[in-house]
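Each remark here refers to the structure printed beneath this line.
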Amino acid sequence: MTKNPIAPDVRIHLYTQMIRVRKFEEQIVALSKESGRLPGMQILANGQEAVAAGIVSALEPADVIVTNHRSHGHLLTRGADMNSLMAEIMAKETGVNKGKAGTLHLSVPEVNALMTSTVVGAGPPLALGAAFAQQYRCAGGITVVFFGDGAAAEGSVHETMNLAGIWKLPLLFVCENNCWAGAQRHEVHCATRHISGRAAGYDMPGKSVDGNDVEVVYHQAAEMAAYCRSGKGPALIEAHTYRMRGHGEQDHQHYVDPAELEIWAARCPIRLYRQKLLSDGVLDTDRLQAIDQEAEVRAAAAVAFADASPYPAPETALTDVYVQPPLS
Amino acid sequence: MTKNPIAPDVRIHLYTQMIRVRKFEEQIVALSKESGRLPGMQILANGQEAVAAGIVSALEPADVIVTNHRSHGHLLTRGADMNSLMAEIMAKETGVNKGKAGTLHLSVPEVNALMTSTVVGAGPPLALGAAFAQQYRCAGGITVVFFGDGAAAEGSVHETMNLAGIWKLPLLFVCENNCWAGAQRHEVHCATRHISGRAAGYDMPGKSVDGNDVEVVYHQAAEMAAYCRSGKGPALIEAHTYRMRGHGEQDHQHYVDPAELEIWAARCPIRLYRQKLLSDGVLDTDRLQAIDQEAEVRAAAAVAFADASPYPAPETALTDVYVQPPLS
Amino acid sequence: MIQKTFGQALNEALTIAMEIDEAVFIAGEGVGVSIHKDPNMTTFGLLDKFGPGRVKDTPVSEAAIAGLAVGASCMGLRPVVEIMFFPFMTLASDMLINHAGKLRYMSGGKSSFPLTVRVKAGVGFGAGSQHSHNLESWIAHCPGLKIVWPATPEDAKGLMLSAIFDPDPVIVVEDMMLYRMPGSVPAGDVRTPLGKARVAASGTDCTVVSYGAALHTTLKAAAVLNEQGISCEVIDLRSLVPLDKACILDSVRRTGRLVVVHEAVRFCGFGAELAAMVADEAFAALKGPIKRVGAPKIPVPVAPTHEKIFKPAPEDVVRAVREAMGKEGHSSGPSATN
Amino acid sequence: MIQKTFGQALNEALTIAMEIDEAVFIAGEGVGVSIHKDPNMTTFGLLDKFGPGRVKDTPVSEAAIAGLAVGASCMGLRPVVEIMFFPFMTLASDMLINHAGKLRYMSGGKSSFPLTVRVKAGVGFGAGSQHSHNLESWIAHCPGLKIVWPATPEDAKGLMLSAIFDPDPVIVVEDMMLYRMPGSVPAGDVRTPLGKARVAASGTDCTVVSYGAALHTTLKAAAVLNEQGISCEVIDLRSLVPLDKACILDSVRRTGRLVVVHEAVRFCGFGAELAAMVADEAFAALKGPIKRVGAPKIPVPVAPTHEKIFKPAPEDVVRAVREAMGKEGHSSGPSATN
Ligand SMILES: Cc1ncc(C[n+]2csc(CCOP(=O)(O)OP(=O)(O)O)c2C)c(N)n1
Ligand SMILES: Cc1ncc(C[n+]2csc(CCOP(=O)(O)OP(=O)(O)O)c2C)c(N)n1
Ligand SMILES: [Mg+2]
Ligand SMILES: [Mg+2]
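Chains as they are written, first to last, in our numbering: chain E, 1 to 328; chain F, 1001 to 1328; chain Z, 2001 to 2338; chain W, 3001 to 3338.
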């Protein structure tokens, strides 16, 4: 595949996207240390920002994304509003889902982040329906579904790949292989090193890429998205990356080899890209600092907004179950 | 793979197995024309006898088989008693499962035909447990699970292959690709022509073979069974064959191209093998007729036995749910 | 009104829905090409009429079929998908329970899921418990879903149309024992509202609530009881969720007695909810014990002699009503076992 | 008796079972290596003690995990597998409902399935409805399965041991809200029999039946009611199937009143079966309406203000008992919605 060089503004965009995710989640890390600030578990994309930024930046507005429990990167890079996202993570009334999603089920339909499921492996069948609707309406647009290497073991993923392969749906599978499913190493939950090897069994192209190199991910996404858009059918990208902060904030990684963490820390996608942009002269340290600064301020403002928001009124717990609630 | 020639007595055994299945099912065809003789649907292995005979004949007594809704061939070749099998198909008290299985759930643990499920795709996860027990006990023995090309689309099959590949279980997957899942042609329910191509994605060997050539199936089964037995892990055989009488006896195949049926009729595994044994001088027409005769008589006797048996007593419907029934 | 079978009525409902709304499509195993060539089958002829673009045969992949419905409905389509037999609903249950029923709520009301799931239910065709296992109480227990169970050709058409155009996920149970039942059906897009029960026979002594094929068992029993001088008010529930509580409570407040009849296992069956509701909200009106007629807690058997034990018969309903009336020694039968 | 937490008691039960029977193995997602390093977790330390041969970490494959248990138990092993959270039971439900619960019956009694499924339940940890959804009534409705729900460390150990060595499939529900609850636990292989309820507090005015974490809500309410001069007999069910009908019926025949309390959605919840059973078999003894305290029919919410609406509190039980006693205006609360 010929990689045409990426325009400077796009490269700056890619960096900006990653740092915004990082700063946003750093606020969550801080909050999760104070008890009672955040309901439920806190699951972060820290270390995987290049996958979200690289994939989502290659999409068009009409494209749909479906994500999972590790969703912050996908949603922010897709354009979700930081304030209402942070408010939702705190389960506040001003949250993007009125405090009914919490951190695990954030969905932002207004930016085509259509559905989120924290049931591992559930994203693909949901995305199947979205991609089918796009094909059915001939409206153009593709659907991208993010799932983990652990999720690849769920039967639902197999059923979806087979059906997408038969119907030639515009569905891009993005497997973030971060070496872990909970406390289970990849080899404990997956029979093969590369999940991309399964694509052929569903008559679709599959590629494994370095998920910590945002430009590699971006190029691969552009290529595969074009393939899906052209009507040829589904495709699979496996992005090899690493989950830097454990499964969630309550996970202190007692089972993780510190040496392995160090290796991946050195491969931090943001640090790598910062160096690259500097050495390529796309940005100087001042502009970089300004971007980082702005991201930091923005994230802090989101927390302030969320803090200022109340929890939803108790009785609203009973609404939004049905469009047309049963009479009785 | 070097195919050592098959001993004459084994070849005669293979033929005998196939013709016994055919004659047994011909009785069912006749019975299903008389209303009220057989409860439920009647699903036959007609045309697929070579898969059952070839695979099962390559197994050892300690090996376990798990089968599905199209089970007659697997069970008879495994050594199930014809009388109690026919009685069970008629849901009689003398049936192998006391009239509680009917034709769809026949299981014959006494010959290690351990479990049968008519839930498509359920066999593999059940077989996973059996193969795990064999590995856990280091008792030797492998598990063979029969499933269809349609079943290959179920998520449970994927989950099982992945887990068997990780744990290196002594589990032989046998996919009978008979070109159909109900009224859906293979290409309507499967993204690829060959299901064996998926094996690599689970780190196991996979082979597609001519399922209408009993010796080819037998050789492949012997090779793969040895592989599983050796502790190397699971393996997959895809046997290409054809469902000659439609999905079940109520299916008149209005959607099937008669020309296709003719082609496969000419490839009838029994006819082909009869010719081969004759031309190789393993059997002469008299001995062949004697074998066919014996199978016919045996099958007719099974019907007589079943006919002479009563339906189970009504109150026995309430037993066998639990080993230790709830008190209340 | 035109004479149609139950299956033809369902077929007409799908035809009308697809004609009036491009957003309606159907999918499932054999909904296009079927091994049956039978006009009494719900999807008969739809592939020829509407083509493979809107009538989608699928692989044997229940989770994906349900996911297809959830995802496509979230995009504004109106999927009508089939889960062939009720026991296979287990394979679709994550998509239906954890997604179709919950995603709207968790979106804060931003998303909606106007999908319909058709499922075949029923006891008495000899296929056994992996093809036959009525699980309506599972669906009814879970938030965000609706479930209807027509007992007549007219309601088969009317409820199917209402389900397809309802803005929420609706499970439509098709009772296999009824496909060939004839009846008069109104022409055109005539809908039976969800959540409205029907008084199938009015009476004064005992309220008997049922649905699906069991309703007809109940009506037979009511006729017998009539000759014995016991007047039953028979209610055809039609819709389990939403539930027409008012209709049931009003009737029980008049009769003072309740019997519930269904073919599902009695223990924790839907009848338990009806009995519990009445034992709370209409307690003051009750003159006798609430009886439930349902299956014993065993898998659906195969042998004809066993199926008789499993499936409620008119005599069972007659006995239950007489017990509710205090006219017979109390017995809760084999179905008491849990 | 030794002081242990609920989680430690479960852990001890697994340890004892694995020590006394080689056929016992455990499997599930993180039952070996867990992100938690917490002695209050059921499987803590078992990998070190028994090794990877008997403590099997699995992929995220619930159907395969359940199939592993069904198949291995049919071969004579005693699998103890974990389905991490109750909503994921949907993914294992075909294997459990259509296979674990039916294969013995369909084998004509030739096969048996001595398996145990551990599942985490509970409301109040803020993770929302895809991690929290109590589905005990699903299991209880289906033949061939047993289900227990301990409320104390002693029963956690005793029921787990009974479940593992029971010859039939048993689902053991572990209430997450109880893992850290301390209590005294008998040493050694001491088992709590399946199907025997426990009278947690004897009383004369009203029978209140509960299980799991809801039992403790109920006991708090009973104390309040005592001060109001209302004496409750609180029954800790412990085992839902088999159900100790005699214990419940006997109590209601003495008190004349029944209130059921659980954290599952009230509509079609397990409480409906208890209410229906009593409204039939103990009708003559009833002095007031049967009340059910349960969750409204909504997905388990996330916000603390919403969780309060969902989860039954002692005040809700107090109100229900007073209503059952005719001491308050009738109100069935938001949970009436279906
Ligand atoms: C069906 C289901 N089973 C188990 C879980 C619990 N769980 C949450 S995340 C997770 C690991 C998922 O691993 P992976 O798919 O690789 O995603 P990652 O967390 O690594 O991003 C598990 C087992 C779940 N949420 N859903
Ligand atoms: C889970 C499930 N879905 C649907 C069915 C209905 N059904 C029975 S057999 C069959 C086709 C199976 O095709 P295949 O696996 O190729 O087996 P074959 O009948 O061709 O031998 C279907 C869909 C079922 N029994 N189980
Ligand atoms: Mg992962
Ligand atoms: Mg087939």
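Backbone N, C-alpha and C define an ideal beta-carbon position, used for all residues, glycine too.
Please classify residue 193 of chain E: is it buried, with 16 or more other beta-carbons within 10 angstroms of its beta-carbon, or exposed?
An exposed status is given to residue 193 of chain E, since fewer than 16 other beta-carbon atoms sit within 10 Å of its beta-carbon.
How about residue 150 of chain E: is its Cβ closer than 7 Å to a heavy atom in ligand 1?
The answer is yes for residue 150 of chain E.
Out of curiosity, what's the CA-to-CA distance linking residue 3094 of chain W and residue 2061 of chain Z?
A direct Cα-Cα distance of roughly 13 Å separates residue 3094 of chain W from residue 2061 of chain Z.
What's the gap between the Cα of residue 215 of chain E and the Cα of residue 224 of chain E?
Those two C-alpha atoms are separated by around 14 Å.
Tell me which same chain residues have a C-beta within less than 6 Å of the C-beta of residue 1255 of chain F, skipping the five on either side of it?
Closer than 6 Å at the Cβ level, and outside the excluded window around residue 1255 of chain F, lie 1183.
Just curious, the alpha helix (DSSP H) that residue 1008 of chain F is in, first and last residue?
Where residue 1008 of chain F is concerned, the enclosing alpha helix (DSSP H) stretches over 1008-1033.
Compare the C-beta of residue 3181 of chain W against all C-beta atoms of chain F and say whether one is closer than 8 Å.
With 8 Å as the cut-off, residue 3181 of chain W does not count as an interface residue toward chain F.
So which residues of chain W does residue 2291 of chain Z contact, with C-beta pairs closer than 7 Å?
Under the 7 Å cutoff, chain W gives 3280.
Is the separation between the beta-carbon of residue 1109 of chain F and that of residue 3111 of chain W shorter than 8 Å?
It is a contact, given that the beta carbons lie within the stated cut-off.
Consider the C-beta atom of residue 1181 of chain F and the heavy atoms of ligand 4; say whether any pair is separated by less than 7 Å.
Checking every heavy atom of ligand 4 against the Cβ of residue 1181 of chain F, one is found closer than 7 Å.
Report the three-state DSSP secondary structure of residue 1138 of chain F (helix, strand or coil).
DSSP places residue 1138 of chain F in coil when its eight states are reduced to three.
Please report the straight-line C-alpha distance between residue 77 of chain E and residue 177 of chain E, rounded to a whole angstrom.
The straight-line gap from Cα to Cα measures roughly 19 Å.
Residues of its chain near residue 3293 of chain W, where Cβ-Cβ distance is below 6 Å and the 5 sequence neighbours each way are ignored
Setting aside the 5 residues that flank it on each side, residue 3293 of chain W is surrounded in the same chain by 3261, 3312, 3316, 3317 and 3320, each with a C-beta closer than 6 Å to its C-beta; the list follows chain order.
Within the same chain, show all residues whose beta-carbon is closer than 8 Å to that of residue 2065 of chain Z, passing over the 5 residues directly before and after it, in chain order.
So the qualifying residues of the chain are 2027, 2028, 2029, 2058, 2081, 2082, 2083 and 2092.
Interface partners of residue 154 of chain E on chain W, CB under 7 Å:
Result: 3060 and 3061.
DSSP state of residue 232 of chain E mapped onto helix, strand, coil
Note: residue 232 of chain E maps to coil in three-state DSSP.
Three-state class that DSSP yields for residue 2048 of chain Z in the structure shown:
Residue 2048 of chain Z carries a helical assignment under DSSP once its states are collapsed to helix, strand and coil.
Assigned exposure category for residue 3335 of chain W - 16 Cβ within 10 Å defines buried
Annotation note: pLDDT 43 at residue 3335 of chain W (below 50); position unreliable, no value reported.
Compile a chain-ordered list of the residues in the segment 2291-2315 of chain Z whose CB is closer than 9 Å to at least one CB of chain F.
Within the segment 2291-2315 of chain Z, the residues whose Cβ lies closer than 9 Å to any Cβ of chain F are, in chain order, 2296, 2297, 2298, 2299, 2301, 2302, 2303, 2304, 2305, 2306, 2307, 2308, 2309 and 2310.
Quick check on the burial criterion: 16 or more other C-beta atoms within 10 angstroms. Buried or exposed for residue 1161 of chain F?
By the C-beta density criterion, residue 1161 of chain F is buried, having at least 16 other C-beta atoms within 10 angstroms.
Look up residue 2118 of chain Z in the DSSP assignment and give the residues it is bridged to.
Partner(s): Z:2082 and Z:2172.
Please report the residue range of the alpha helix (DSSP H) in which residue 2106 of chain Z lies.
Counting along the chain, the alpha helix (DSSP H) containing residue 2106 of chain Z begins and ends at 2103-2106.
Sort Z:2306, Z:2159 and Z:2074 by Cα distance to residue 2186 of chain Z and report the nearest one.
Per the Cα distances, Z:2159.
Going by the C-beta, is residue 178 of chain E closer than 7 Å to any heavy atom of ligand 3?
Shortest gap from the CB of residue 178 of chain E to any heavy atom of ligand 3: under 7 Å.
In terms of residue numbering, what span does the alpha helix (DSSP H) encompassing residue 2225 of chain Z cover?
From DSSP, the alpha helix (DSSP H) with residue 2225 of chain Z extends over 2213-2227.
What do you reckon, are the CB atoms on residue 206 of chain E and residue 103 of chain E nearer than 8 Å?
Not a contact, by the Cβ cut-off of 8 Å.
Would you verify that the beta carbon of residue 2153 of chain Z is, or is not, closer than 8 Å to some beta carbon of chain E?
Residue 2153 of chain Z does not count as touching chain E.
Give the straight-line distance between the Cα atoms of residue 52 of chain E and residue 120 of chain E, rounded to the nearest whole angstrom.
Their backbone Cα atoms lie some 18 Å apart in a straight line.
Sufficient close CB pairs (3 or more, under 8 Å) joining the segment 82-93 of chain E to the segment 137-144 of chain E:
Put simply, the segment 82-93 of chain E does not touch the segment 137-144 of chain E. Fewer than three CB pairs are less than 8 Å apart.
Express the C-alpha separation of residue 3277 of chain W and residue 2295 of chain Z in angstroms, rounding to a whole number.
Cα atoms of residue 2295 of chain Z and residue 3277 of chain W: separation of roughly 15 Å, rounded to the nearest angstrom.
Hey, could you find the ends of the alpha helix (DSSP H) residue 156 of chain E is sitting in?
Where residue 156 of chain E is concerned, the enclosing alpha helix (DSSP H) stretches over 155-167.
Is the shortest distance between the beta-carbon of residue 293 of chain E and the beta-carbons of chain Z less than 8 Å?
Residue 293 of chain E does not count as touching chain Z.
Within 7 Å of chain E by C-beta, residues of the segment 2092-2105 of chain Z in sequence order:
Listed by position along the chain: 2094, 2095, 2098, 2099, 2103, 2104 and 2105.
Using a threshold of 8 Å, state whether the C-beta atoms of residue 3314 of chain W and residue 2102 of chain Z are closer than that.
It is not a contact, given that the beta carbons lie outside the stated cut-off.
Name the DSSP beta bridge partners of residue 1147 of chain F, please?
The secondary-structure analysis by DSSP pairs residue 1147 of chain F across a beta bridge with F:1175.
Could you tell me whether the Cβ of residue 2229 of chain Z comes closer than 8 Å to any Cβ of chain C?
This model lacks chain C altogether, as its protein chains are E, F, Z and W.
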